Structure formats: C-alpha cells, structure tokens
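Going down the list, the protein sequences come from chains A and B.
With my numbering applied, the first sequence corresponds to residues -11 to 265, in that order.
With my numbering applied, the second sequence corresponds to residues -11 to 265, in that order.
Ideal Cβ positions, reconstructed from N, Cα and C, are used throughout, including at glycine.
Only a predicted model underlies this, so the values are computations on that prediction, with no experimental measurement involved.
Protein chains: 2
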Amino acid sequence: MSTATAEKLDNSVGKDELLDLHPRDLRALARAGKWTGTTEGLATGYAQANLVIIPKEAAFDFLLFCLRNPKPCPIVEVTDPGSPMITQVADNADLRTDLPMYSVYENGELVAQPTDITEYWRDDLVGFLLGCSYSFETALLNANIPLRHQDEDKIVSIYTTDVQCAPAGRFSGPMVVSMRPIKHEQVVRAVQVTSRFPATHGAPVHIGEPSVIGVDLEKTTFQTDYVGPGDGEVPVFWGCGCTPQAVALNSKLDFMITHKAGYLFVTDTLSEEIAAL
Amino acid sequence: MSTATAEKLDNSVGKDELLDLHPRDLRALARAGKWTGTTEGLATGYAQANLVIIPKEAAFDFLLFCLRNPKPCPIVEVTDPGSPMITQVADNADLRTDLPMYSVYENGELVAQPTDITEYWRDDLVGFLLGCSYSFETALLNANIPLRHQDEDKIVSIYTTDVQCAPAGRFSGPMVVSMRPIKHEQVVRAVQVTSRFPATHGAPVHIGEPSVIGVDLEKTTFQTDYVGPGDGEVPVFWGCGCTPQAVALNSKLDFMITHKAGYLFVTDTLSEEIAAL
C-alpha cells in the first residue's frame, strides 16, 4: 500500500482495514495522522516495541538499567542522541510521527497525549525501543497454548512484585510482571516457546506460588483485569514492559515521552527474525 | 583454596598449579601479585571476558556501539561509572587488581603494561566486560569438532574484514573476525553449537569464501598465525573481541585501559549458566 493510498483514508479508518497492512504502511498512516488507534492485533508476525524517550544525560544509566534487567527491559534498538530515526528494526522510521499516540511527562506528571511529538523533540533526546509481549503471545498461541485473557477479551493481569531490579544510577525499583494462567501439562512447553524470544521478555521469571514474588493475584495493578488460574492451571509470570516505564517515571526525570499504553511502535522485523534457536 | 594458601605461593607459580583453581582463587592470586600469567586453559567451564575501561563521557556511545554489534562485541557486564567492582558475573571482583596484566593507553599510545591499575583508576571511568571466544571453543570441542590451531599449538587466525560495524557516536570501524577451519560435515553442527553462546560471540558471521568479507586467508592480522583450511575443510568466521578494542583505540580517546591480550578477566559464571537453550 502506497502513501498515496494511505492518504485517501479518512481519520475514521477502522481496524479491519488495517489488518493486512505492512508495518511501513501502518507507520505511514500514523505519520499522516490518518490512524490513531491501538496496535494490538495488527501487523501479525512483526515485532512491536515499547517506546521510552529521555534526555541524554540520563541515557547511559537507563541503558545500563535495561541491560541489567533484560527480562522486563529487553532492548530492541536505541537511537543516536538527538536523532529520532530508527534504522535497524525498521526502514528509517521516525519516532516523532510514526506511532499512533504518545504520552508526554514533565517532572513525572502526564502533560499531554498527542498523536505527534515533533513539537516536543529536542536535540538531547535519546529514544529506546523495548520489547513487548505481543510476539511471545503469538508464539504461545502457535504452540496451541491458549491465552485466557484474550479468550475473555480482557487486559492481561499485571502486578508489581517485591523483587527489586538491579539498579543503575538513578534508576531502581521493583520488577513488574504479567501473569498468564497455563495448564499444568503445558507449563514446560510455555517456558520453551517463550525462551526463544529474548527480545520480547523471553522465558518466565516465576512459575507457581505468587507470594514468593510478593504478589496477591486478586490485586492487579496498572488498571488491568484479574484473569486468575482455574482448576488445573498454574500462574506463570513474565517480565513486563511496564517495568522500565514505571522506573523511569519514579526517577525524577524532568522530561520523558513514551508511547501511550497499547499504541506501540510497529517494526519491520518479523519476531522470527530475532528469535533465538 | 583460601587466600591464605594463595599467599604461600611465590611469584613463580606455574600453570599446572593453577589448573584446578576456582575463578575466585585465581583472582585472589592476581590481586596478591602472585600470578601474572595468561588465563588460557584455566578455570575450565567458566566464562572469561575481555576488558575495556574508558571515561564516562564516551561510555554511552561505546555501550551503544557494542549493543549494535553484538557478535563481535557481546556485553557481559558494565560497571557503574566510577566503580571498579564487578558484581553480576563474579562475586565482588575488583577490575583494578583481579586481572593478571593490563595495557594502559594514552591518546592511542600504549604507555604501560602493569599487573595492577589502582594508581590509574579515576572516578569517571567505566569498565566493560565483553565476551571472549574461549567458551565457545570448549563447546566445539565438547561436540567433537576439532580446533586445528589448538592441535598445532598456534594462535587462532584473526582478520580485519571490509564489513563495517554499525557506528555509534565516535565509534566506528571494520569488524574483526577469527577463522577456524571446520570439516564440511561439521559446519552445520558448528553453527548450532556456537549459537548457544551469544555472550561469547555466538553463531558465525560468515561461512566459506573469504573474499565476500574482504579477507585474504594468508594475510592474518594482530600478529596471529595462519591456520588455513585443508582438504574437505571450510573456513568459518566468527566475530572477534579484537573488534571493540581496535575501534576504541581508533576513536581518539585520551585514556583507555584494557586487559593485555591473553590475560583475561575470569568470571564466577559457568558458560552454561549464560548459554541460550
């Protein structure tokens, strides 16, 4: 689909029309202001990524924090300081325009949720793309491991644990996890399947008893739904991309931009291209 | 072996006496100035790492360079700025004392090769441990894939290719590779076996025709030996830890410390602990 075709679509472009689009066409629509919806379920097979943009003076410590905590904070790509361009996992994508919606924070306060951050860009900013869980959820489904929250049309359960991340400079805080109930007989296969996707949180961080990591299953966080384990199911916990955002927000940065939750960056890279063996 | 025992050894401690030592005891010997030899063949099974120490002002770009070129520059651990302590892959090891020998560079010139860098340490330095190839060579041997350079007691052949690394800030340059001749029927297995060790260069970067990556097999670099492929053997090329050192040296840094070639940092982490599936 060409940009010309994209421009014919009006702002009410529906999700059904987007389903078969290549990531570059989705990004072109976002850039043209023609698409401001969530990215869930779009560009099937292609990796999507969380976005965190912070000033360069904090970027080394944040990069170190992500490296030391690869399960909640898998690094997909980092821009050159001052450059909004993504060149490795997408073909010259522009972080200022190519996501459908953003959240802008000043001194830890949400101040805007624009569809374009060109006016906020500064030449000392560094963009971080961090893996999200969509890829491994596809892998689980491909292995015939059902996802209860999807079946029930709910938001996957998310918890703040009492497990502290390895700190780096000003960045520290607890690991945030997502939980999926998995049938006893599929737990081992779920570990194997998700281990292949280290760029998207990889293997679980915990299996079974929630109290070991300080979690009460019924008390979900980040306004997510409770989708608890039923008979014959085990709660399995994976590192969650909410971790780096929560840690960055708590670190007293004077300025930060992220994607709006659910409105991710869509890469040109198939999840299988960056999978382990 | 306790530190007390270690202190009984004199400076002439031979390699045979070191073969069964745990990494922490090898590091204690180095710290006490009792051992100044190479680390090749020691602490079998434990990962060893290349060391690069540079000022913080260049550390973000160097970290970015390593992340963008993970095969030649696999990151094992990075210290907090100003701290010489390694805490993740070893139990509170001190980079100033725990390697047997170092190379100190000022403005790209080698100015000293001390056994201790305490007097050179500054509170703006950052230490990078980068994976080395010893681990995957063990894995190849375990899979019954012979290493000709070891059989012939030579130094593995190393080449500077015409493949440019992905640059980051002031850091750019060609990828350096090591080459091992592998029998036709073992090439696939060699790829599989080394793919399991992403922290130590991982899978090959090229298989077969050397000219594709700008290499003339007989012209080795870094004063290494020529161990070329014989009948029925294919040259297989892996990313080499000489890459980040060469790139850092060429980047006009005013100050840098590395391990002396062959005198690596020995971690407390078994290679299998950080292997992929």
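Rounded to the nearest angstrom, what separates residue i and residue j at their Cα positions?
i	j	result
B:SER183	A:GLY21	42 Å
A:LYS171	A:VAL151	25 Å
A:THR257	A:ILE74	12 Å
B:LEU129	B:ARG136	11 Å
A:ILE63	B:ASP4	42 Å
A:ALA131	A:GLN180	10 Å
B:ALA156	A:VAL222	44 Å
A:ASP(-2)	B:GLY70	With a pLDDT of only 45 at A:ASP(-2), under 50, the local geometry of the prediction cannot be trusted, and the value read off the model is given with reservation. When rounded, the distance between both Cα atoms is 54 Å.
A:TRP226	A:PRO192	4 Å
B:LYS59	B:THR188	8 Å
A:LYS(-4)	A:LEU9	Only weak support exists for where A:LYS(-4) lies, its pLDDT of 40 falling under 50; the value from the coordinates is given anyway. One C-alpha to the other measures close to 15 Å.
A:ASP49	A:GLY220	43 Å
A:PRO162	B:VAL114	25 Å
B:SER123	B:GLY29	10 Å
A:ILE143	B:GLN138	56 Å
B:LYS240	A:GLU65	26 Å
A:VAL203	B:GLU140	57 Å
A:THR85	A:PRO72	9 Å
B:GLU125	A:ARG158	39 Å
B:ALA47	B:ASP111	13 Å
A:CYS228	A:CYS54	12 Å
B:SER(-10)	B:ASP79	For B:SER(-10), the pLDDT reaches just 39, beneath the cut-off of 50, and the residue's location in the model is therefore unreliable, leaving the point undetermined.
A:VAL254	B:PRO88	47 Å
A:GLN101	A:CYS230	17 Å
B:TRP109	A:ALA127	48 Å
B:THR212	B:THR148	12 Å
A:GLU97	B:SER160	38 Å
A:GLY190	A:ALA154	18 Å
A:PRO43	B:GLU197	45 Å
B:ILE210	B:SER259	Looking at the sequence shown, residue 210 of chain B is not Ile but Phe. The straight-line gap from Cα to Cα measures roughly 26 Å.
How would you label residue i, buried or exposed, when you count the other beta carbons within 10 angstroms and need 16 or more for buried?
i	result
B:THR32	exposed
A:GLN36	buried
B:LEU52	buried
B:SER0	Bear in mind that a pLDDT of 49 at B:SER0, under 50, signals an unreliable position, so the model cannot answer this.
A:ARG168	buried
A:GLY119	buried
A:VAL99	exposed
A:GLU107	exposed
B:LEU265	exposed
A:GLY2	exposed
B:PRO11	buried
A:PRO134	exposed
Return the first residue and the last residue of the alpha helix (DSSP H) that residue i is part of.
i	result
A:ARG84	Unbroken run through A:ARG84: none, as it is neither H nor E.
B:LEU17	11 to 19
B:PHE48	44 to 56
A:LEU137	For clarity, residue 137 of chain A is His in the given sequence; the question names Leu instead. Note, A:HIS137: alpha helix (DSSP H), 136 to 139.
A:PHE124	122 to 130
A:LEU237	230 to 237
If the criterion is Cβ atoms closer than 8 Å, does the pair residue i and residue j meet it?
i	j	result
A:VAL77	A:LEU117	yes
A:ILE262	A:THR208	no
A:VAL224	A:ILE201	no
B:SER166	B:SER121	yes
B:LEU83	B:THR67	yes
B:TYR90	B:ILE105	yes
A:PRO232	A:CYS61	yes
A:TRP23	A:LEU7	no
B:ASP242	B:ASN95	yes
B:LEU205	B:THR27	no
So residue i is in the beta strand (DSSP E); what residue range does that whole segment cover?
i	result
A:VAL215	Note, A:VAL215: premise wrong, no beta strand (DSSP E); not H, not E.
B:SER183	Careful: B:SER183 lies outside any beta strand (DSSP E), inside the alpha helix (DSSP H) at 175 to 183.
A:PRO169	162 to 171
B:THR67	It is not in any beta strand (DSSP E) - B:THR67 carries neither H nor E in the DSSP assignment.
A:ALA100	97 to 100
B:ASP256	253 to 258
A:PRO223	221 to 227
B:ASP313	Since the first residue of chain B shown is -11 and the last is 265, residue 313 of chain B is not available in this structure.
B:PHE116	113 to 119
A:VAL151	145 to 152
A:THR246	243 to 247
- Query: Can at least three beta-carbon pairs, one atom from the region 16 to 33 of chain B and one from the region 234 to 243 of chain B, be found at a separation below 8 Å?
  - Reply: In the pairwise beta carbon analysis, the region 16 to 33 of chain B is classified as not touching the region 234 to 243 of chain B: fewer than three pairs are separated by under 8 Å.
- Say whether the region 36 to 49 of chain A touches the region 210 to 218 of chain A, bearing in mind that this needs 3 or more beta-carbon pairs closer than 8 Å, one atom from each stretch. Short answer: they don't touch.
- Item | the region 172 to 181 of chain A touching the region 241 to 252 of chain A, judged by at least three CB pairs closer than 8 Å | No: the two stretches stay apart, fewer than three of their Cβ pairs being nearer than 8 Å.
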